[in-house]
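Data block below; observations after.
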Amino acid sequence: MTKGIFITLEGGEGTGKSTQIKLLQQALSIAGVGVVTAREPGGTDQAERIRDLLLQRDSGTFDPMTEALLLFAARREHLVHKIWPALKKGQWVISDRFADSTRAFQGYGMGLDMQVIENLYQIVAGKFQPDLTFIFDIDPEIGLGRSMKRLKDSALMEDRYERMGLPFHQRLRNGFLEIAQKFPERCVIIDAAQDIQAIHRQVLKVVETRYGVKPKEVQNG
Ligand code: TMP
Numbered sequence: 000m001t002k003g004i005f006i007t008l009e010g011g012e013g014t015g016k017s018t019q020i021k022l023l024q025q026a027l028s029i030a031g032v033g034v035v036t037a038r039e040p041g042g043t044d045q046a047e048r049i050r051d052l053l054l055q056r057d058s059g060t061f062d063p064m065t066e067a068l069l070l071f072a073a074r075r076e077h078l079v080h081k082i083w084p085a086l087k088k089g090q091w092v093i094s095d096r097f098a099d100s101t102r103a104f105q106g107y108g109m110g111l112d113m114q115v116i117e118n119l120y121q122i123v124a125g126k127f128q129p130d131l132t133f134i135f136d137i138d139p140e141i142g143l144g145r146s147m148k149r150l151k152d153s154a155l156m157e158d159r160y161e162r163m164g165l166p167f168h169q170r171l172r173n174g175f176l177e178i179a180q181k182f183p184e185r186c187v188i189i190d191a192a193q194d195i196q197a198i199h200r201q202v203l204k205v206v207e208t209r210y211g212v213k214p215k216e217v218q219n220g
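In terms of numbering that gives the first Met the number 0, the sequence shown has 95 at position 96, counting the first letter as 1, and numbering is strictly consecutive.
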C-alpha cells in the first residue's frame, strides 16, 4: 500500500530528536524529497486534544491501560488522517515518536503487559511498521536536565512524564535499547550525547545507505 518512507525518531526525554527532525527534513527537501513531519501523541487536531490530556501536569494519573488506549486512539487518528495518506502520495513521513514510545513508556516504564500493547497495535495499525527507526540514547540524568530546562524556558506545562522520576526514566532507556535489539532490521541506535552536527551526519548516512538519496548536511540554527 505504501509508496513513501516512514521514519520514526524515538528515545527518552531531552535527546534532541526535534532538532534532528528539522535538520533531516531540510536536508531531504533540498534533495527533492517531499517530506511531512509529525509528532506523537498528536499530529492531527483530534490527536492533539488527546495529547493535551495526557501530557499536561494537572491531568493527574491514569491507569496504564487507559493511557495506552488513549495513545492508540490518537495514533489511529494520526495514521488514518495524516501518515497513511502522505505515504500513499509517495511522501516521506518523519515522526517524533510512534509505537516504540508506548512499548517503552507504558510497557517498560509503567509495567503494562507488552502483549496488550502488541494487541492494540495490531488492531490500530495491522501489519504496518515504520521503515526505519532511530533510537536516540542518552544518560537519563542528562536528558531530563535538558528537557526540564526547555520546558521551563517555554512555560509549557507538558511535563507529566518528566516528573515521573529517574528510576522510571532509567527503565525507559533500557526498554528502548531492548526494542532496538528486538527489531534490528529497522532500528538504529544513535548516541545522543554527540554534538548536533555529528548526529545529523550520522542520520543522513543511514538514510543515504538505505534509500539511495543523497541529502547534504544542513547547518543547525
Ligand atoms: P515529547 O513530545 O516531549 O516527546 O512528549 C511526548 C511525551 O509523551 C513523552 O514524555 C513520551 C510520552 N509518550 C508516551 O508515554 N507514550 C507514547 O506512546 C508516546 C507517543 C508518547
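Glycine residues also receive a C-beta, built at the ideal position from the N, C-alpha and C atoms.
Treat the numbers as computed from the prediction; the structure is a model and nothing was measured.
Classification of residue i by the beta-carbon crowding that lies within 10 angstroms, buried from 16 upward
i      : result
Lys87  : exposed
Lys181 : exposed
Arg200 : exposed
Ile29  : exposed
Gly31  : exposed
Pro129 : buried
Gly89  : exposed
Val202 : buried
Asp99  : buried
Gly110 : exposed
Gly225 : No answer is possible for residue 225: it lies beyond the span of the chain, which begins at 0 and ends at 220.
Residues near residue i in its chain [Cβ-Cβ closer than 8 angstroms; skip 5 each side]
i      : result
Asp206 : Reading the sequence as shown, one finds Val at residue 206 and not Asp. So the qualifying residues of the chain are Ile6, Leu23, Leu27, Leu131, Val212 and Pro214.
Arg162 : Arg56
Beta-carbon proximity check, residue i vs residue j, cutoff 7 angstroms
i      : j      : result
Gln105 : Pro139 : no
Asp158 : Leu150 : yes
Ile189 : Ile198 : yes
Arg102 : Ile122 : no
Leu171 : Asp95  : no
Trp91  : Gly3   : yes
Phe175 : Gly10  : yes
Pro63  : Arg50  : no
Leu143 : Glu12  : yes
Ile137 : Ala72  : no
Distance between residue j and residue i (C-alpha atoms, nearest Å)
i      : j      : result
Gly42  : Val35  : 11 angstroms
Phe133 : Cys186 : 6 angstroms
Val217 : Gln25  : 7 angstroms
Leu119 : Gly33  : 30 angstroms
Arg75  : Asp152 : 32 angstroms
Glu66  : Lys21  : 28 angstroms
Proximal residues to residue i (C-beta, below 7 angstroms), its chain only, five neighbours per side dropped
i      : result
Arg209 : Leu131
Ile195 : Gly15, Thr18 and Asn219
Arg38  : Ser94, Asp95 and Arg96
Ser58  : Leu52 and Arg159
Chain-order list of residues whose beta-carbon lies under 6 angstroms from that of residue i (same chain, five-residue window excluded)
i      : result
Asn173 : none
Leu70  : Pro40 and Thr101
Gln45  : Glu76
Test: residue i CB closer than 7 angstroms to a CB of chain D
i      : result
Arg149 : The question asks about chain D, but that chain is absent: this structure has only one protein chain.
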